[in-house]
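The block underneath contains the structure these notes are about, expressed in structure tokens.
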Amino acid sequence: MQHSSSPAPSTASALFCLTVSCPSRAGQVAAIVSFLDQRRGYIDEFTVFDEKSTQQFFVRCVFHTDPPQALDIASLNRDFAGLAQRFSMRWAIHDMSRRPKVLILVSKLEHCLADLLFRARMGELPMDITAVVSNHDTLRGHAEAAEIAFHHLPVTDETRPQQETTILDLVRTTGSELVVLARYMQILRPETSKALAGRAINIHHSFLPGFKGARPYHQAYERGVKVIGATAHFVTDDLDEGPIITQSVEPVDHTQTPDQLLATGRNLECRALARAVRDYLERRVFISGHRTVVL
1 MQHSSSPAPS
11 TASALFCLTV
21 SCPSRAGQVA
31 AIVSFLDQRR
41 GYIDEFTVFD
51 EKSTQQFFVR
61 CVFHTDPPQA
71 LDIASLNRDF
81 AGLAQRFSMR
91 WAIHDMSRRP
101 KVLILVSKLE
111 HCLADLLFRA
121 RMGELPMDIT
131 AVVSNHDTLR
141 GHAEAAEIAF
151 HHLPVTDETR
161 PQQETTILDL
171 VRTTGSELVV
181 LARYMQILRP
191 ETSKALAGRA
201 INIHHSFLPG
211 FKGARPYHQA
221 YERGVKVIGA
231 TAHFVTDDLD
241 EGPIITQSVE
251 PVDHTQTPDQ
261 LLATGRNLEC
271 RALARAVRDY
281 LERRVFISGH
291 RTVVL
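Straight run, no breaks: the sequence shown in full-length UniProt numbering ends on number 295.
This is the structure:
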């Protein structure tokens, strides 16, 4: 369902996004629309999904106010709490003028990091990158060229617990809302994965659930696949098993070498990761059990 009730907001308007998940029942949409109408809110996007298998209802509503002082985030949160309690909602209201803070983890491969930095600089991904953290020093120049703090945290079996504690400290001290594993070739400990649940996105160099582990494009070549892909998913303590946000695929054929598949794969990884990050920044992603709903 989509709904638009006014012209696009002026540059002076305050823009918000309401996200809701709750048990399926009649009346939620009417209640939300009435709530906003009573407060001079104008709906720009209204998308819902009723998941029959779980009896859960999901809402993403983008709205603006004009003049901007008509509403503020504190009063919206206070006033909406009663309605949310009535429908047993899990909810949040986001100020869309605030750019989410994002911390990026990398290793040696540069393509995903370079792509994210470029898209952020061009305004395609409205985020503030707080730091780049790596277990190698290889990509320091990329971060420093973008005037972003770079932290080199070498990882061994002995240092892993302390380094991951340092990563979590950086997430906290920088106020980072999202962590992006842009080809970070380390397996996070279960404790770290749990601490970042629902706010860490990984790019896997394969069209999951196939070809896990190392050298997936060589595996694909050996199997003679006709499609290759990349998968962006939330991090969980089950390796490469987190809820999938998006996947990119491209047809291939028997004439392509492993190196050509690798080049195609790099492009797919960048595309899938950027789309997943954008969907997160735009508050489109809801976790529902082992999968996601993207509105």
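Backbone N, C-alpha and C define an ideal beta-carbon position, used for all residues, glycine too.
Note that this is a predicted model, so its numbers are computed, not measured.
Check your understanding: Using DSSP with H/G/I as helix, E/B as strand and the rest coil, what is residue 35?
Key -> In the three-state DSSP reduction, residue 35 falls in the helix class (H, G or I).
**Study point:** Rounded Cβ spacing between residue 236 and residue 206 (contact assumed at less than 8 Å)
**Key:** About 17 Å separates the Cβ atoms of residue 236 and residue 206, ruling out a contact at the 8 Å cut-off.
Exercise for review: Answer yes or no: do residue 13 and residue 94 have a C-beta to C-beta separation smaller than 8 Å?
Suggested key: No.
Practice item. With DSSP as the reference, label residue 135 as helix, strand or coil. Key: It is coil, neither helix nor strand.
Exercise for review: Identify which residue in 47, 53 and 180 has its Cα closest to the Cα of residue 309.
Suggested key: The question about residue 309 has no answer here: the residues shown for the chain are numbered 1 through 295.
Review point. Once you ignore the five residues that flank residue 291 on each side, which residues in its own chain have a CB closer than 8 Å to its CB?
Key: Result list for residue 291: 243 and 244, in chain order.
Check your understanding: Between residue 285 and the rest of its own chain, which residues show a CB-CB distance below 7 Å, the 5 nearest in sequence each way excluded?
Key -> Answer for residue 285: 245, 279, 292 and 294, listed in chain order.
Point to revise | Contained beta strand (DSSP E) runs [length at least 3] in the stretch 107-182, N- to C-terminal order | key: Correct list: 128-134, 150-152 and 178-181.
Check your understanding: residue 197: which of 124, 241, 74 and 145 sits nearest, CA to CA?
Key -> Ranking the options by Cα distance to residue 197, first place goes to 241.
Exercise for review: Classify residue 84 as buried or exposed, calling it buried when 16 or more other Cβ atoms lie within 10 Å of its own Cβ.
Suggested key: Residue 84 should be labelled buried.
Review point. How big is the Cα-Cα spacing for residue 82 and residue 75?
Key: Whole-angstrom Cα-Cα distance: 12 Å.
Check your understanding: Buried or exposed: where does residue 10 fall if 16 or more other Cβ atoms within 10 Å of its Cβ makes it buried?
Key -> For residue 10, the pLDDT reaches just 46, beneath the cut-off of 50, and the residue's location in the model is therefore unreliable, leaving the point undetermined.
Practice item. Round the Cβ separation of residue 168 and residue 201 to the nearest angstrom and send it over; I've been treating them as touching at under 8 Å. Key: Contact annotation, residue 168 with residue 201: C-beta distance approximately 16 Å; criterion of less than 8 Å not satisfied.
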